[in-house]
């Protein structure tokens, strides 16, 4: 008798020990070890940047190594796995069971006679013994197949929803790709401006600070009048403020680009100014609208959401039907008191929750409203996409005009700088004028690069609104050089009538 009691005590002790679990903080060593392993894993997955970095390679690296983009790729892979796993939910249930039954005595029972509505136990009769029908120790095994028609229907529609969710994940990946490409294009030109202007900005700051110090010394010696010296110093300080503001903006550009391409902030590389084809749009708004309504990632996602809502309506309708189950199984029991230790059994059953009659109307109304809401969102998004195309086309044209104007101003300022430099060498221009001219040229060149960055961003937004992106497979299966070539071909194709029109 002591064995069952001991077993009970042991089980109780295990259960109580499970209730004694307390939160466990992460240790510094665990964090350091995990961070080190993560960093080594990331560096092992990517090809190091060496030498020069072109715009095409920067975009390819971002698509392949950017961590946020990799998360979107993994989310799509997860949805693909859920779709594959959901297919098995439509199969019947095949249950294999094995068990062992034990008790410390026999399952006795008295047999009695039924007389005039009352029972007379057989034990009252001398010489009778209680009957035994179950072996106190026996094992059982079974293999049973069960199929519920309602479960099959619900699993079928859930599998179709999982298929649409996979397509939604693909559209989210496309949307992330559009955003990433336009961010890389803008960041590349900003970083290029930093690389081109950084040395000139530092040199001009040093010259301005030296001129400021000399002016202060002359003012202290009263060589020049106080008001003239102060105006001179005021102009120098204003130029220094502008230069320091430029230097601050340029310092973060390369860090931002390195982050987008999945490289460490300290990575060293040289940027190459790409040849750009700055041509006005030659595609009609009607063509761009048509492409956007067919390929825009947000709109396509909403189409799939509408289909998912329709599947929800069908699942709600299924719940109103009676449940029909089919069962078949093979059973074995080594009980010594059984006449047949092995047998097969089959059955069919129908069940229905009568309360479904009360909730049927509300269930269907809710499902239909959900479907109507999804359709309304789709139609609202269609109008938003058309508006986005018009705004993006306008911004593209405006950004191109602003760049051309900034380029003209820069060319004029550069010529003026050369003239002033010549005059300064001939002592026909002051150092203040030379420094001011240098600052003006630096600012106009910076605005030119900024205008180009805005044009690249506007171009990316226009392509994103129309759902245009490089047609590539899994970036994990493509070498970086091949991916760079595909990006190069896509950028060269530009926004033309041939590229905007979808293939039949």
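In the numbering used here, the protein residues as written are 2 to 505. Built from N, CA and C at the ideal position, the CB exists for glycine as well.
For residue i and residue j, which I take to be in contact (beta-carbon distance under 8 Å), what is that distance rounded to the nearest angstrom?
i	j	result
residue 498	residue 326	With 8 Å as the limit, residue 498 and residue 326 do not qualify as a contact, their Cβ atoms being about 60 Å apart.
residue 289	residue 394	6 Å
residue 187	residue 464	At roughly 13 Å, the Cβ-Cβ gap does not stay under 8 Å, so residue 187 and residue 464 are not in contact.
residue 370	residue 183	Actually they do not touch by this definition, with Cβ atoms about 37 Å apart.
residue 159	residue 82	The pair is not a contact, with the Cβ atoms about 15 Å apart (cut-off 8 Å).
residue 488	residue 57	5 Å
residue 35	residue 100	Their Cβ separation, rounded to whole angstroms, is 44 Å, which puts residue 35 and residue 100 out of contact at 8 Å.
residue 154	residue 319	5 Å
residue 296	residue 168	Rounded, the Cβ-Cβ distance is 13 Å, inconsistent with contact.
residue 231	residue 209	With a Cβ gap of about 16 Å, residue 231 and residue 209 do not count as contacting.
residue 181	residue 354	Not quite, the Cβ-Cβ distance comes to about 50 Å (not below 8 Å), so this is no contact.
residue 444	residue 386	No, residue 444 and residue 386 are not in contact; Cβ-Cβ is about 38 Å, not under 8 Å.
residue 157	residue 91	6 Å
Would you report the Cα separation of residue i and residue j, rounded to the nearest angstrom?
i	j	result
residue 337	residue 135	8 Å
residue 309	residue 73	21 Å
residue 151	residue 104	40 Å
residue 2	residue 106	Residue placement at residue 2 is flagged as unreliable, the pLDDT there being 46, under the threshold of 50; the coordinate-derived value follows with that caveat. So the alpha carbons of these two residues sit roughly 11 Å apart.
residue 124	residue 144	Here residue 124 scores only 48 on pLDDT, less than 50, and its place in the model is too uncertain to base an answer on.
residue 513	residue 278	No information on residue 513 is available, as it lies outside the stretch 2 to 505 that the chain covers here.
residue 329	residue 95	10 Å
residue 207	residue 237	11 Å
residue 287	residue 314	36 Å
residue 266	residue 472	29 Å
residue 234	residue 31	56 Å
residue 442	residue 448	10 Å
residue 172	residue 383	16 Å
residue 460	residue 396	8 Å
residue 126	residue 132	Bear in mind that a pLDDT of 49 at residue 126, under 50, signals an unreliable position, so the model cannot answer this.
residue 40	residue 269	18 Å
residue 128	residue 340	Residue confidence for residue 128 is low, a pLDDT of 49 falling below 50, so the modelled location carries little weight; the figure read from the coordinates is stated next. Answer to the nearest angstrom: the Cα atoms are 26 Å apart.
residue 55	residue 451	18 Å
residue 467	residue 174	15 Å
residue 495	residue 361	55 Å
residue 426	residue 417	14 Å
residue 363	residue 372	14 Å
residue 213	residue 202	16 Å
residue 249	residue 200	13 Å
residue 257	residue 47	18 Å
residue 423	residue 401	34 Å
residue 176	residue 93	39 Å
residue 24	residue 324	45 Å
residue 507	residue 430	Here the chain comprises residues numbered 2 to 505, so residue 507 is not present and cannot be evaluated.
residue 501	residue 161	31 Å
residue 322	residue 299	36 Å
residue 357	residue 388	45 Å
residue 332	residue 345	6 Å
residue 446	residue 415	9 Å
residue 53	residue 262	14 Å
residue 272	residue 399	27 Å
residue 185	residue 312	39 Å
residue 365	residue 70	40 Å
residue 227	residue 419	31 Å
residue 432	residue 218	15 Å
Return the first residue and the last residue of the beta strand (DSSP E) that residue i is part of.
i	result
residue 89	Careful: residue 89 lies outside any beta strand (DSSP E) and carries neither H nor E.
residue 142	138–149
residue 329	324–334
Verify the contact flag: residue i, CB atom, against every heavy atom of the ligand HEM, threshold strictly below 7 Å.
i	result
residue 27	Ligands displayed in this structure: none; no statement on the ligand HEM is therefore possible.
Where does the unbroken alpha helix (DSSP H) through residue i begin, and where does it stop?
i	result
residue 239	227–261
residue 346	Residue 346 -> not in any alpha helix (DSSP H); beta strand (DSSP E) instead, spanning 343–352.
residue 431	Residue 431 -> no alpha helix (DSSP H), and no H or E assigned at all.
residue 51	From DSSP, residue 51 is part of no alpha helix (DSSP H); its letter is neither H nor E.
residue 337	Here residue 337 belongs to no alpha helix (DSSP H), and DSSP marks it neither H nor E.
residue 290	286–296
residue 413	357–426
Evaluate contact between the stretch 303–316 and the stretch 100–111, counting only Cβ atoms and requiring at least three cross-stretch pairs below 8 Å. no
Within 8 Å, do at least three Cβ pairs link the stretch 388–405 to the stretch 437–446? Counting Cβ pairs under 8 Å, fewer than three are found: no touch.
If you pair each beta-carbon of the stretch 462–478 with each one of the stretch 62–77, do three or more pairs fall below 8 Å? Contact annotation: the stretch 462–478 touches the stretch 62–77, with at least three C-beta pairs closer than 8 Å.
Would you be able to state if there are at least three C-beta pairs under 8 Å between the stretch 186–206 and the stretch 244–254? With a cut-off of 8 Å, the stretch 186–206 and the stretch 244–254 count as touching, because enough Cβ pairs lie within range.
Indicate whether the contact test is met: 3 or more Cβ pairs, each with one atom in the stretch 479–491 and one in the stretch 58–66, closer than 8 Å. yes
Write down every uninterrupted run of the beta strand (DSSP E) in the stretch 432–501 whose length is 3 residues or greater and which is fully enclosed by it, in chain order. Fully enclosed beta strand (DSSP E) runs of 3 or longer: not present.
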